[in-house]
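Right, one structure below, let's go through it.
Number of protein chains: 2
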Amino acid sequence: MKCCDMRGFLSYLILWLLGKKSMSGAELSAELERRKGSKPSPGTIYPALKELREKGLISADGNKVYSLTKKGQGELKGACAFFCRMFYDAKEMFGCCPLKWKK
Amino acid sequence: MKCCDMRGFLSYLILWLLGKKSMSGAELSAELERRKGSKPSPGTIYPALKELREKGLISADGNKVYSLTKKGQGELKGACAFFCRMFYDAKEMFGCCPLKWKK
DNA sequence: GTATAATCATCGGATAACCGATATATGAGG
DNA sequence: CCTCATATATCGGTTATCCGATGATTATAC
Chain Y
686 MKCCDMRGFL SYLILWLLGK KSMSGAELSA ELERRKGSKP SPGTIYPALK
736 ELREKGLISA DGNKVYSLTK KGQGELKGAC AFFCRMFYDA KEMFGCCPLK
786 WKK
Chain W
686 MKCCDMRGFL SYLILWLLGK KSMSGAELSA ELERRKGSKP SPGTIYPALK
736 ELREKGLISA DGNKVYSLTK KGQGELKGAC AFFCRMFYDA KEMFGCCPLK
786 WKK
């Protein structure tokens, strides 16, 4: 058990990122690396994208650029609500974090 | 895959909660239910507490009331830093969540 | 058009996280 | 002391998540 490996948030973060901007797998991977500190393996990111596609939450254009579908937007909304309930005191968490990092 | 099951945050949340107040397993369980919407199984919460104890991050007094150790405080600090990096834009996430819930 | 690199994709396996069932301890009431 | 309810603890099994290796596709350079 690692107390802060944040396992299980990959799909949520993908939806969140695609909600801001359509991206390719490589772009998503780079953005995730910025957040987690390490780049997710290809064996992690692509199966996740595949499953999200199969569930109809995202779609890919001809250039493998992924976007949220309507259904995905709804899912993201629900996930955000859950996140906010789970971490309703996130502001305090931020307060106890003295570190700075590049955007 | 559930896009928002928040799997893997149990230990982090336990440390976070104990950082605010020492609690028994039952109190922790109730607080987690408030956040997640469902009470964690005994088979979930107690093994987690055991492992945190074995790692020296928390300690229990005679009445099974758990507290953070010094080491646990350090671990929590690191986990918070990681959380904040991971979700540096959490404020936006909160913004897209229209729901209200009981504290 | 071919070579090279980057990206995308799949597969099998390892691990972690969690649950349900069950067993033990603790405490309150009578 | 005895009973019952609650809290604590353990165990086995299931599932999800992720990684590394490998192969296929696409783009770029020449």
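Those protein sequences? They're chains Y and W, same order as listed. In the working numbering, each residue's number is its place in the first sequence (first place is 1) plus 685. In the working numbering, each residue's number is its place in the second sequence (first place is 1) plus 685. Cβ coordinates follow ideal geometry from the N, Cα and C atoms, glycine included. Only a predicted model underlies this, so the values are computations on that prediction, with no experimental measurement involved.
Are any of the Cβ atoms in chain W nearer than 8 angstroms to that of Met-771/Y? yes
Buried or exposed (CB count within 10 angstroms, at least 16 for buried), Gly-757/W: buried
Buried versus exposed, by CB contacts within 10 Å (16 or more), Gly-728/W: exposed
Which residues in chain W have a C-beta closer than 8 angstroms to the C-beta of Arg-738/Y? List them in chain order. By Cβ distance, chain W contributes nothing, its closest Cβ being about 12 angstroms from Arg-738/Y, past 8 angstroms.
Can you find the residues in the same chain that come closer than 8 angstroms, C-beta to C-beta, to Ala-733/Y, ignoring five residues on each side of it along the sequence? Leu-695, Ser-696, Ile-699
Could you check whether the Cβ of Ala-766/W sits closer than 8 angstroms to any Cβ belonging to chain Y? yes
Using a threshold of 8 angstroms, state whether the C-beta atoms of Gly-741/W and Thr-754/W are closer than that. yes
Just curious, the beta strand (DSSP E) that Tyr-805/W is in, first and last residue? Outside the displayed range of chain W (686 to 788) lies residue 805/W, so it cannot be described from this structure.
Can you name the residues that DSSP bridges to Ala-711/W? Beta-bridge pairing links Ala-711/W to no other residue.
Beta strand (DSSP E) runs wholly inside the region 717-745 of chain W, at least 3 long, in chain order: Whole beta strand (DSSP E) segments, 3+ residues: 743-745.
Amino acids of chain W, ordered along the chain, whose beta-carbon sits closer than 7 angstroms to that of Lys-721/Y: Met-771
With DSSP as the reference, please indicate the residues paired to Leu-753/W in a beta bridge. Bridge partners of Leu-753/W: Ile-743/W.
Beta carbon proximity, Ala-711/W to chain Y, threshold 8 angstroms: At a cut-off of 8 angstroms between C-beta atoms, Ala-711/W does not count as an interface residue with respect to chain Y.
Going along the chain, which residues of its own chain have a beta-carbon closer than 6 angstroms to the beta-carbon of Glu-716/Y, five neighbours each way excluded? Here the set comprises Leu-702.
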